[in-house]
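**Q**
Residue numbers (our numbering): 461 to 600.
(1) Counting only runs that start and end within the stretch 501–534, where is the beta strand (DSSP E) found for 3 or more residues in a row?
(2) Hey, residue 528 and residue 539: beta-carbon distance below 7 Å or not?
(3) With a 10 Å radius around its C-beta and 16 neighbouring C-beta atoms as the bar for buried, classify residue 530 as buried or exposed.
(4) Taking the alpha carbon of residue 572 as the point to measure from, which residue in 546, 526 and 552 has its own alpha carbon closest?
(5) If you measure between the beta carbons of residue 544 and residue 523, is that distance less than 7 Å?
(6) Quick check on the burial criterion: 16 or more other C-beta atoms within 10 angstroms. Buried or exposed for residue 682?
(7) Between the C-alpha atoms of residue 509 and residue 579, what's the straight-line distance to the nearest angstrom?
(8) For the alpha helix (DSSP H) containing residue 484, list its first residue and its last residue.
(9) On the three-state DSSP scale, how would you describe residue 594?
(10) Considering only the alpha carbon of each residue, which of 590, 490 and 504 lies closest to residue 461?
(11) Is the distance from the Cβ of residue 502 to the Cβ of residue 468 below 7 Å?
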């Protein structure tokens, strides 16, 4: 069950560390009323590799999928704010002592993905299986 928090009459949710890589968790949070996505993480163990950048990009995908602003706080970077269209409004670099300031909005509208989840993927899978099954049958 998704947990949301209340602030000034609005709801937000927080993903901890790698939870943000799972679309279903963000979708559950939005279904539970989250109007803003937030995430906190400790990416220190990644060091100066590409992993913190990938982790940030995965978080940005949740903003796009759910049509929500996403605020990310990482103790060693990359912290930032992503809008519902995936645009990075503000961000820090790795191992930079900084703060991020950006305007965010509370959003109630749902995206198509927010409503349907992976339904499209399952329908495509069923179509491929059907085509393969009938194709094999037709060749006999």
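Ideal Cβ placement from N, Cα and C applies to all residues, glycine included. Since we're looking at a predicted model, the values are computed, not measured.
**A** The short version:
(1) 530–534
(2) no
(3) buried
(4) 526
(5) yes
(6) Residue 682 cannot be examined here, being either before or after the span of the chain that is shown, 461 to 600.
(7) 35 Å
(8) 483–491
(9) helix
(10) Comparing Cα positions, the closest option is 490.
(11) no
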